[in-house]
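See below for the structure under consideration.
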Amino acid sequence: MKIVIDDATSLKDAVDTIVNLVEEGLFEFTNEGVRLKAMDPSQISMISFFMPKEVFSSYGLDEERKIGIDVDKLSKVLARGMKGDSAELGLEEGRFKITFSGAKKKRVFKLPLIDVGSGLEREPKIEYKNYIKMDSEAFKEVLKDAKLVSSHIRLILEDGRFRVEIKGDEGEVKEEFEKDSGEVKELHVHEGARATFPLQYLEDIVKASKGGSQITIHLETDRPLKVEYDVVGAKSVYYLAPRIEST
Amino acid sequence: MKIVIDDATSLKDAVDTIVNLVEEGLFEFTNEGVRLKAMDPSQISMISFFMPKEVFSSYGLDEERKIGIDVDKLSKVLARGMKGDSAELGLEEGRFKITFSGAKKKRVFKLPLIDVGSGLEREPKIEYKNYIKMDSEAFKEVLKDAKLVSSHIRLILEDGRFRVEIKGDEGEVKEEFEKDSGEVKELHVHEGARATFPLQYLEDIVKASKGGSQITIHLETDRPLKVEYDVVGAKSVYYLAPRIEST
Amino acid sequence: MKIVIDDATSLKDAVDTIVNLVEEGLFEFTNEGVRLKAMDPSQISMISFFMPKEVFSSYGLDEERKIGIDVDKLSKVLARGMKGDSAELGLEEGRFKITFSGAKKKRVFKLPLIDVGSGLEREPKIEYKNYIKMDSEAFKEVLKDAKLVSSHIRLILEDGRFRVEIKGDEGEVKEEFEKDSGEVKELHVHEGARATFPLQYLEDIVKASKGGSQITIHLETDRPLKVEYDVVGAKSVYYLAPRIEST
Chain A
7 MKIVIDDATS LKDAVDTIVN LVEEGLFEFT NEGVRLKAMD PSQISMISFF MPKEVFSSYG
67 LDEERKIGID VDKLSKVLAR GMKGDSAELG LEEGRFKITF SGAKKKRVFK LPLIDVGSGL
127 EREPKIEYKN YIKMDSEAFK EVLKDAKLVS SHIRLILEDG RFRVEIKGDE GEVKEEFEKD
187 SGEVKELHVH EGARATFPLQ YLEDIVKASK GGSQITIHLE TDRPLKVEYD VVGAKSVYYL
247 APRIEST
Chain B
7 MKIVIDDATS LKDAVDTIVN LVEEGLFEFT NEGVRLKAMD PSQISMISFF MPKEVFSSYG
67 LDEERKIGID VDKLSKVLAR GMKGDSAELG LEEGRFKITF SGAKKKRVFK LPLIDVGSGL
127 EREPKIEYKN YIKMDSEAFK EVLKDAKLVS SHIRLILEDG RFRVEIKGDE GEVKEEFEKD
187 SGEVKELHVH EGARATFPLQ YLEDIVKASK GGSQITIHLE TDRPLKVEYD VVGAKSVYYL
247 APRIEST
Chain C
7 MKIVIDDATS LKDAVDTIVN LVEEGLFEFT NEGVRLKAMD PSQISMISFF MPKEVFSSYG
67 LDEERKIGID VDKLSKVLAR GMKGDSAELG LEEGRFKITF SGAKKKRVFK LPLIDVGSGL
127 EREPKIEYKN YIKMDSEAFK EVLKDAKLVS SHIRLILEDG RFRVEIKGDE GEVKEEFEKD
187 SGEVKELHVH EGARATFPLQ YLEDIVKASK GGSQITIHLE TDRPLKVEYD VVGAKSVYYL
247 APRIEST
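Chains as they are written, first to last, in this note's numbering: chain A, 7 to 253; chain B, 7 to 253; chain C, 7 to 253.
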């Protein structure tokens, strides 16, 4: 196995879409690219990650492989990739090998493989009929507002607009985004939908999205939220369980 | 009640002259403007705050009102005001309502009202005869120097100069400002005065003054210190009890 | 005693080569300049510091003196020297006096003298035959890489190159610097040498070296490491005990 990416720092950006949710992960190196599915330890959220082989400058695979890695450790190692370094991924003596090659020198890191279960997590089978595609930064700002008064946030997709409501002991917040505002790129509403989600998980989910990029939020009433975005050619899809209000 | 300020961030700057000293406060919305008097929980320092109605772009008041608010929470909400947002203050369903309006969207925060006593704090009746008006930054630097060796600072106004002396187990510091140095704007000395004050409170008092602005320090021997400065048109006056040396 | 340096901030930079290793030190003000030898509290590393009198703009000494000072406190006081300030060192009433003089005002700090033993630490008598002179920044980056996987680092000087190996439970790192790479200024190898050192001490030793400067590393197999570099005309020499592997 010998997989090379020209820009080591972009690999770090891609892995960071995983590390905010899970500490350990089973990376599947398939003929199409690198895949990972994992649930966070509390089983409230899930990530389905895919980095197609086209993103790599070289993608040599003798056979498909599943490799368990400490994602947090991997992220820290990848953070040591300098601008201008390429990164090569491989296996050596039962270890995951990352080689940074820059103009001046090579640096080799080897990480132990770890046992992380089957990786058979299945994505929820839900037909999503409502979604909004919007600036990731604008959504992150909403979460910062929300955090001031509560630990949960209610998302509402209605005809022509996206609303959020946050109510807590310490106050409440209301915001809305009109379809034609600059921050909303697409808004598709079938029958409308609303559901409430834990703020901290939402923050972790969108944290790795880049400034100036978009995220897509799929919402069905009282069903898991689905959030999608791309980072350097890798596609990350997240699911987050709603809080069922006892009304 | 409907009070609007064009620049939401300036309201945050004004409220920050309060928040470093007190956590809760009774804001009085009067026909002249917004007033607040409060002592810090340890009763060592006091703030008298006034923001005249002229600072607001609209100041509509059906009747004068006293509103108890968690100042710390208010400051955090105001910190969410973006550059270019206006801020509208009002009351709705027994809550204090802050509405930020920007080019793209409105955001509404509501904070619970709290019970914070009468607000009948009275300012010390002292005839101050000595004062110095100086760069706030220069005074802040003095406090940083002082902090290295003690928790108290002695301020001395003499003919033609302002001196500080700090003595502690870990060393001592002496500094002086001549009347004609660039950092001193005005210096008025009647008979001279000296007193010692707790450093931490002084730091909290001057913290919200802006770089490039001036503060006025009124000093009488072994009497409370009076410090005044303006932030975005709001006037903050502080009193701080001296430490009476047992000589 | 009246010793003056034109640029107060450079004195801070020089003292910072000491403060990362020792908290207290006996400064010897001799006719040649200022000297200090000290071991860190764990006796694993040692610093020999010398700042020649030529670095000072005025160096008046009535007699040679040894002055025990809390180096940490001294560093914090020197950090209060502003750009453009000169610093004058002296003794007054049994205290170490630092006077910062700027365009606008004088500031006087006095620190208590402390008792810190004889200062008779002797430098190891080792004939060093292998050394590398390299960019300090490049070496600091190596230490950051190493820190990800272990608390120790193995340094290896071989014919024509400098190698590092780090092995820990959490992974391993290998790097090498060729003689002709831009980062290596000089490389002198007699028979070759290798030894293992505690990472944290190495970090503390090189921390105060300036970006863009060089450090010289002397290495003998399983003997103390010797590291040298200059900061603002002061010369700092460090020794660090190796970890003897039980093979």
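Quick reminder that beta carbons are idealized off the backbone N, C-alpha and C, glycines included.
Distance between residue j and residue i (C-alpha atoms, nearest Å)
i, j, result
"C/LEU119", "C/LEU32", "10 Å"
"A/ARG200", "A/ILE211", "19 Å"
"B/LYS260", "B/VAL243", "Outside the displayed range of chain B (7 to 253) lies residue 260 of chain B, so it cannot be described from this structure."
"A/GLY100", "C/GLY87", "55 Å"
"C/ILE75", "B/ALA44", "44 Å"
"C/GLU184", "C/PHE168", "7 Å"
"A/TYR235", "B/PHE106", "29 Å"
"A/MET140", "A/LYS59", "27 Å"
"C/ALA247", "C/SER51", "6 Å"
"C/ILE53", "C/ILE24", "7 Å"
"C/PHE203", "C/GLY90", "40 Å"
"A/LYS173", "A/ASP151", "12 Å"
"C/ALA14", "C/ILE162", "39 Å"
"A/GLY96", "B/GLU143", "56 Å"
"B/GLU30", "B/ARG41", "14 Å"
"B/LYS79", "B/ASP19", "14 Å"
Unbroken alpha helix (DSSP H) run spanning residue i, endpoints
i, result
"A/GLN206", "205-212"
"C/ILE261", "Past the edges of chain C, shown from 7 to 253, lies residue 261 of chain C, and the structure says nothing about it."
"B/PHE183", "Counting along the chain, B/PHE183 falls outside any alpha helix (DSSP H), though it belongs to the beta strand (DSSP E) covering 177-184."
"C/LEU225", "Segment: none, C/LEU225 is in no alpha helix (DSSP H) and carries neither H nor E."
"C/LYS146", "142-153"
Test: residue i CB closer than 8 Å to a CB of chain A
i, result
"C/VAL195", "no"
"B/VAL114", "yes"
"B/VAL77", "no"
"C/GLU176", "yes"
Proximity test, residue i beta-carbon vs the ligand GTP heavy atom, cut-off 7 Å
i, result
"B/VAL179", "What this structure holds is no ligand at all, so the ligand GTP is not there to describe."
Closer than 8 Å to chain C by CB, residue i
i, result
"B/LYS150", "yes"
"A/PRO118", "yes"
"A/LYS111", "yes"
Proximity test, Cβ basis, 8 Å: residue i and chain B
i, result
"A/LEU205", "no"
"A/GLU209", "no"
"A/LEU154", "yes"
"C/LEU95", "no"
"C/LEU84", "no"
Residue i, buried or exposed, once every other Cβ within 10 Å from all chains shown has been counted against 16
i, result
"A/LEU67", "exposed"
"B/SER219", "exposed"
"B/HIS196", "exposed"
"A/SER156", "buried"
"C/ARG71", "exposed"
"C/GLU192", "exposed"
"C/ASN26", "buried"
"C/PRO47", "exposed"
"B/ALA160", "Checking the displayed sequence, the identity of residue 160 of chain B turns out to be Arg instead of Ala. Buried, because 16 or more other Cβ atoms sit within 10 Å of the Cβ of B/ARG160."
"A/ARG113", "buried"
"B/THR227", "exposed"
"C/SER215", "buried"
"A/HIS131", "The sequence as given places Lys at residue 131 of chain A; His does not occur at that position. That one is exposed."
Segment limits, beta strand (DSSP E) that includes residue i
i, result
"C/LEU246", "240-246"
"C/LEU117", "112-118"
"A/LYS135", "Run containing A/LYS135: none; DSSP gives neither H nor E here."
"C/PHE168", "167-174"
"B/GLU30", "30-35"
"A/LYS72", "71-76"
"C/PHE102", "101-107"
"C/LEU67", "Looking at the DSSP string, C/LEU67 is not in any beta strand (DSSP E), and its letter there is neither H nor E."
"C/HIS158", "158-164"
"B/GLU98", "92-98"
"C/GLU38", "Per DSSP, C/GLU38 belongs to no beta strand (DSSP E) and is neither H nor E."
"B/VAL10", "8-11"
Where the stretch 178-191 of chain C meets chain A: residues whose CB sits under 7 Å from a CB there: GLU178, VAL179, LYS180, GLU181, GLU182, PHE183, SER187, GLY188, GLU189
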